[in-house]
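Residue 926 in this note's numbering sits at position 169 of the sequence shown, with consecutive numbering throughout. All C-beta atoms, glycine included, are put in the ideal place defined by N, C-alpha and C. For reference, the structure discussed in these notes is given below.
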Amino acid sequence: MNTQEIMQLALKMSGFDEVPGDSAIYRAGDGIRRVLFGIDIGVEELVWAKEQGYDLVIAHHPPNAALAYGQVFRRHVDFMVSWGIPKDEAEAAVADKLVDLQISSKTENFTRILGMARLLDMPFMNIHAPIDEITRKTIQSAVDKVLPAPMHRVVDVINALDPFPYSPVKAEQIMGDPDLVVDRAPVLIGAFTNGGYDVAKVWYSHGIPALIYMHVNPADFRKIKSEFSDKALVLTGHMPGDYVGALIFLRELKKRGLQITCVGFEDLV
Ligand SMILES: [Fe+2]
Ligand SMILES: [Fe+2]
């Protein structure tokens, strides 16, 4: 396979029509056989991969170079609208964070890792939203199969998916009664990052009883809890959440004859 075919496979598996703004091929490669995959790839991993003779390095998180993050964060609007939330409310819920992303992107050093990939002549790409979208769909369909259900059952269903049984960090309900029976629990993953307080507030205000985030910052969580402590919030945890989609994708690459080394949960590929 070549890097283009690998990206196309990720798009096909996740349902994206085009490469989203947080994913890219930085240094193309052909005749790929050995792949190193990591959630975060830095210069160290690139150097090690080169020494070990890998043909390609794939990162999940963007290596400070794909700067159209806002385009992906706007997927929160699509999620809300698809569940019947008015578009103007959905747009308002992401407005501040879009500015934050634009401003903070200006500080990014987008030369270091990509510059080293070039100097090392190491094929390199990152696949972010497509892998997260595979995670979202996988968790959502597992959860939907058991709804309506008490929240502890929702959490158990997530913790049965790979790699949760092998992860020291488990999906956890961090707010609300574990016996609360819910009929809806949207999985809000695959939109670059979590929606924080602003997005959670809109969902809960529209009567959604439970939300599933991958992570949330502690200050946002305090605000959410002060207003919506009767609702439920589950965090999958960052690494097990990212690896749900990553493992599914990497197993497909393996089926196509590629040899995969994975920095985390390698035995599960
Ligand atoms: Fe992710
Ligand atoms: Fe992540």
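What are the boundary residues of the alpha helix (DSSP H) that includes residue 823? Within the sequence shown, the letter at position 66 stands for residue 823. Looking at the DSSP string, residue 823 is not in any alpha helix (DSSP H), and its letter there is neither H nor E.
Is it right to say residue 883 is buried, meaning 16 or more other beta carbons lie within 10 angstroms of its own, or is it exposed? Working through the sequence shown from its first residue, we reach residue 883 at position 126. Residue 883 is buried by the Cβ-count criterion.
So, does the segment 865 to 872 touch the segment 797 to 807, judging by three or more C-beta pairs under 8 Å? yes
Quick check: residue 859 and residue 778, are their CB atoms within less than 8 Å of each other? In the sequence shown, residue 859 corresponds to position 102, counting from 1. In the sequence shown, residue 778 corresponds to position 21, counting from 1. Cβ atoms of residue 859 and residue 778: not closer than 8 Å.
My guess is that residue 947 and residue 1013 are in contact by the Cβ rule of under 8 Å, so how many angstroms apart are they, rounded? The count along the sequence shown starts at 1 and reaches residue 947 at position 190. The count along the sequence shown starts at 1 and reaches residue 1013 at position 256. Not confirmed; about 24 Å, so no contact.
Segments assigned alpha helix (DSSP H), at least 4 residues, entirely inside the segment 942 to 1024: 953 to 962, 975 to 985, 995 to 1012
Residue 817: beta carbon under 7 Å from a heavy atom of ligand 1? For the purposes of this step, residue 817 is taken as the residue at position 60 of the sequence shown. Answer for residue 817: yes, Cβ within range of ligand 1.
Compare the C-alpha of residue 981 against each of 958, 822, 993, 967 and name the closest. Translated into positions along the sequence shown, residue 981 becomes position 224. When each option's Cα is compared against that of residue 981, the closest is 958.
Are the segment 808 to 822 and the segment 783 to 794 touching, with three or more C-beta to C-beta distances below 8 Å? yes
So, with DSSP's three-state summary, where would you put residue 867? On the sequence shown, residue 867 is found 110 positions in, with the first residue counted as 1. Looking at residue 867 - three-state DSSP - the assignment turns out to be coil, as it is neither helix nor strand.
Hey, could you find the ends of the alpha helix (DSSP H) residue 910 is sitting in? The count along the sequence shown starts at 1 and reaches residue 910 at position 153. Per DSSP, residue 910 belongs to the alpha helix (DSSP H) from 908 to 916.
Per DSSP, residue 939 forms a beta bridge with which residues? Locating residue 939 in the sequence shown gives position 182, counting from the first residue. In the DSSP output, where bridge partners are listed per residue, residue 939 has 906.
Among 780, 1022, 1016, 1010, the one whose alpha carbon lies nearest that of residue 763: Taking the sequence shown and counting its residues from 1, one reaches residue 763 at position 6. For the residues 780, 1022, 1016, 1010, the minimum Cα distance to residue 763 belongs to 1010.
Decide yes or no for the touch test of the segment 938 to 954 against the segment 819 to 837: beta carbon pairs closer than 8 Å, at least 3 of them. yes
Excluding five sequence neighbours on each side, which residues of the same chain lie with their C-beta closer than 6 Å to the C-beta of residue 822? As a first step, residue 822 must be located in the sequence shown, where it is residue number 65. 867, 871, listed in sequence order.
Distance check for residue 975 and residue 758, CA to CA, integer angstroms please. Along the sequence shown, one-based indexing puts residue 758 at 1. Along the sequence shown, one-based indexing puts residue 975 at 218. Straight-line Cα distance between these residues: approximately 42 Å.
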